[in-house]
Amino acid sequence: MADISEDPDPNSLLDMAYSVETPDDSRDLYRRWASTYDEDFIEATGYVYHDNVIHLFLDAGGAAGGAIADVGCGTGVVGVALGDLGVVDVDGLDISPEMLEVAGTKHTVHGTPAYRNLIEADLTVGVPVDDHSYFGIISTGVFTHGHLGPSALAEIIRIAAPTALCAVGINEHFYEEHRFDAWFATAANEGKINAPELVSVPIYDALEGEHAGTRAVVALFTVMA
Ligand SMILES: C[S@@+](CC[C@H](N)C(=O)[O-])C[C@H]1O[C@@H](n2cnc3c(N)ncnc32)[C@H](O)[C@@H]1O
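According to the numbering used here, the sequence shown is numbered sequentially starting from 1.
Here it is, written out as structure tokens:
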């Protein structure tokens, strides 16, 4: 795998991210990427994914209940943006200790830490929190090629309280390839969630080249039990 610092082109970085295959690959990639992720990815691409998912979440009443989990929080763009809007009690969950360390340095415009707790967790294995801990769940950028597939949604439902609103962003191509629609239909038929509302949003505002124009499917659903 190429060295990140030698090739910070955002399209190459996305190719690298999409080529990971296992949780250990993710740990390795994000260990090397954590210190430069904000500059050479978030800023360079004009990343708008987090803002788009947050607005859908808040418009649907997502911050009304209590603590919120940011699944795959990375360096903390979701926590900062939520905090800037006055949403507190946000926990960040991520497999990468180095990404969590960066998230731990982030503050809101109000001067408060962006996150209440930062929790190292591999969603494919399990999150070290009790059932029904969160009243809202947000995720951007982790349900994508090489990262989390539909089976990880079961852990999201486990840690969500009944009536919790979830806003989960999923790369549009990955959504089709991995049949998220079938997973959601089964979960809804089993009474675990309501039928999700699906909204297509752009991920980048300033990316040119191969991955420009990539969109995400945001699944908005309520946990039933
Ligand atoms: C592209 S980054 C997205 C970070 C942030 N949400 C954002 O929108 O900028 C993907 C994040 O998912 C995390 N991740 C990858 N696999 C994971 C897993 N199995 N469990 C938890 N987090 C994981 C990575 O460590 C990384 O921080």
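All residues carry an ideal CB built from backbone N, CA and C; glycine is no exception. Computed from a prediction, not measured in an experiment: that's the story for all the values here.
If you draw a straight line from the Cα of ILE4 to the Cα of GLU39, it is about 12 Å long.
A direct Cα-Cα distance of roughly 17 Å separates VAL71 from HIS55. Between GLY86 and LYS106, the C-beta spacing is not below 8 Å. If you check the CB distance, PHE221 and ILE193 come in under 8 Å.
Boundaries of the beta strand (DSSP E) harbouring ASN117: 117 to 120, taken from the DSSP string. Of GLY61, VAL109, ALA114 and ILE159, the smallest CA-CA separation from GLY74 is found for ALA114. The residues GLY72 and LEU148, in chain order, have a CB closer than 6 Å to that of VAL142 in the same chain once the five nearest residues on each side in sequence are set aside. Distance from VAL217 to LEU198 at the Cβ level is roughly 5 Å; contact confirmed, criterion being Cβ atoms closer than 8 Å. Setting aside the 5 residues that flank it on each side, ALA60 is surrounded in the same chain by LEU165 and LEU220, each with a C-beta closer than 7 Å to its C-beta; the list follows chain order. Taken atom to atom, the span from the alpha-carbon of SER139 to that of PHE180 is near 15 Å.
Excluding five sequence positions before and after ALA161, the CB atoms of its chain that fall closer than 6 Å to its own CB belong to HIS132 and PHE135, given in chain order. The residue among THR163, ALA195 and ILE170 with its C-alpha nearest the C-alpha of ALA63 is THR163. Between ligand 1 and ILE119, a heavy atom-to-CB distance of less than 7 Å is absent.
ASN171: member of the beta strand (DSSP E) spanning 160 to 171, first to last residue. At the C-beta level, LEU123 and ALA152 come within 8 Å of one another. Secondary structure note for VAL71: its beta strand (DSSP E) is the uninterrupted segment 68 to 71. Counting along the chain, ALA216 sits inside the beta strand (DSSP E) bounded by residues 215 to 222. In this structure the segment 23 to 36 does not touch the segment 44 to 53; the number of beta carbon pairs closer than 8 Å is below three.
Per DSSP, the beta bridge partners of VAL90 are ILE68. Across the set GLY209, PHE184, GLU155 and PHE57, the C-alpha of GLU155 shows the shortest separation from the C-alpha of ALA121. Here SER12 is not near VAL20, since their CB atoms are 8 Å or more apart.
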